[in-house]
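In my numbering, the protein residues as written are 36 to 520.
All residues carry an ideal CB built from backbone N, CA and C; glycine is no exception.
Only one structure is covered here, and it is reproduced in the block below.
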């Protein structure tokens with residue numbers, strides 16, 4: 036028996052060595068530059084993703100090796116605006132890579148994971164009304180109500196001499212907003228004393244587990260079974276999110292037709308399409324994750340930078356006062372859109388933060404792909420994070436520096452900047468909730484600078500972790516002073 040085990044071990048070792056040699060020296064992608072270990076096996080990329088923030092490292096390697104970088108035996112990362120357009124543009128024939136996106140599915144597909152373009156288009160139409168600008172503007176009073184309540188919660192902390200944890204506070208605000216637009220009722224996160232709720236822990240656990248589920252998909256099913264039968268000591272974040280989404284689904288009534296779930300049900304009924312509960316729950320999970328952390332992270336990073344540059348904070352205050360002369364003013368979405376510096380501050384925050392920074396892998400279709408002198412065979416995985424465009428030094432000098440004034444330009448220069456500005460991805464797969472996110476950010480940031488003066492940032496540098504979306508590994512504690520009414 037011991038000899039058999041030895042032979043098996045030797046055989047597996049020999050197979051692994053032969054495989055690595057093939058990947059490095061004989062693979063069709065052997066001419067694409069990259070780290071030796073990345074060419075040899077997928078473990079290099081897996082380790083990088085498990086560390087929680089792969090893209091700054093990959094971007095650094097792009098600056099060393101060039102716009103094409105081999106990051107695993109069968110995957111090439113790009114840092115090229117033309118490649119971004121071909122891979123993710125509206126006419127792209129590339130499909131979402133199954134190994135990556137299946138980790139986000141439980142019992143049904145969702146808008147983020149659907150690989151069939153026609154099916155994606157049909158599902159997107161089901162909920163497009165809920166996230167249209169007209170619907171968001173019509174119900175933006177709900178955003179003001181939550182924003183004003185958040186300001187009151189912050190005011191209480193300031194009065195007590197306490198610091199304000201920006202990221203948890205904004206997380207509660209965005210969670211209540213997205214649950215309101217998804218189900219018709221806020222989830223009640225803003226009521227939490229310490230700006231913490233179990234849903235945040237579920238989101239964090241779920242997103243941290245994604246690299247494991249991508250590399251070892253059997254673990255996902257095993258954990259689901261274990262969780263259902265109370266056999267697992269490992270928290271299953273996805274299952275807990277599913278239960279939260281199911282509770283939200285139960286709240287949707289006939290008068291909630293304007294919500295995401297209401298829109299999906301009514302649109303499906305008009306087209307005689309049957310919607311399964313599992314499908315609705317999957318979409319609810321996506322909304323919890325995508326609709327919460329992206330907006331919250333960008334607000335926290337934006338305010339953090341503004342507080343470190345008091346002259347920018349005061350400039351924004353002066354501009355906001357033109358449409359919010361009284362503490363209880365509620366300017367319309369159009370009035371907020373008319374404020375150029377407010378828009379510049381949020382846009383620069385999106386550029387610096389890149390709240391949706393996953394590399395979005397795609398699989399090359401039959402026939403292969405020719406790009407700038409290289410032919411990539413069908414089945415090759417290609418990817419590119421929007422972070423690379425948003426931090427392109429040739430377009431955005433000092434890319435890590437927060438400079439809202441860079442957006443206060445016009446003409447060709449504005450077009451040049453916008454050609455690299457894809458914080459919500461591009462093409463037919465871009466974020467469906469971006470209008471809600473932008474309106475929400477403008478309302479909340481305006482309320483904050485109208486209500487408080489800048490005082491102190493407790494930590495100058497904060498670490499952003501990629502959990503598909505950007506998540507801040509720090510509460511971003513600050514001190515604020517109330518504005519004299």
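- Apart from the 5 residues on each side of it in sequence, residue 147 sits with its Cβ closer than 8 angstroms to the Cβ of 136, 139, 321 and 325 in its chain, given in chain order.
- The C-alpha of residue 417 is placed about 29 angstroms away from the C-alpha of residue 48.
- Distance from residue 419 to residue 164 at the Cβ level is roughly 31 angstroms; contact not present, criterion being Cβ atoms closer than 8 angstroms.
- Residue 99 and residue 133 have their C-alpha atoms roughly 29 angstroms apart.
- Three or more beta-carbon pairs separated by less than 8 angstroms are not found between the stretch 462-478 and the stretch 445-453, which leaves the two stretches without contact.
- C-alpha of residue 128 to C-alpha of residue 109: approximately 19 angstroms in a straight line.
- Taken atom to atom, the span from the alpha-carbon of residue 54 to that of residue 79 is near 15 angstroms.
- Remark: three or more beta-carbon pairs, one from each stretch, lie closer than 8 angstroms, so the stretch 188-205 and the stretch 501-516 are flagged as touching.
- Of the candidates 66, 331, 406 and 487, 331 places its Cα closest to the Cα of residue 472.
- DSSP, read as helix, strand or coil, puts residue 236 in helix.
- Contact annotation: residue 374 and residue 481 have beta-carbon atoms nearer than 9 angstroms.
- Residue state for residue 90 is assigned as helix, using DSSP reduced to three classes.
- CA-to-CA, the gap between residue 312 and residue 200 works out to about 36 angstroms.
- Across the structure, residue 376 and residue 71 are spaced so that their CA atoms are roughly 46 angstroms apart.
- In the pairwise beta carbon analysis, the stretch 82-95 is classified as not touching the stretch 62-70: fewer than three pairs are separated by under 8 angstroms.
- Put simply, the backbone Cα of residue 251 is about 42 angstroms away from that of residue 175.
- Residue 419 sits in coil when the DSSP states are folded into three classes, being neither helix nor strand.
- For residue 491, the enclosing beta strand (DSSP E) has its first and last residue at 487-492.
- Under the three-pair Cβ rule at 8 angstroms, the stretch 402-416 does not count as touching the stretch 358-366.
- Note: residue 499 is bridge-paired with 507 in the DSSP secondary-structure output.
- Following the DSSP letters along the chain, one finds residue 81 in no beta strand (DSSP E) but inside the alpha helix (DSSP H) bounded by residues 78-85.
- In the three-state scheme derived from DSSP, where H, G and I count as helix and E and B as strand, residue 131 is classed as strand.
- Taken in chain order, the whole alpha helix (DSSP H) runs of length 4 or more contained in the stretch 311-376 are 312-343, 345-356 and 368-372.
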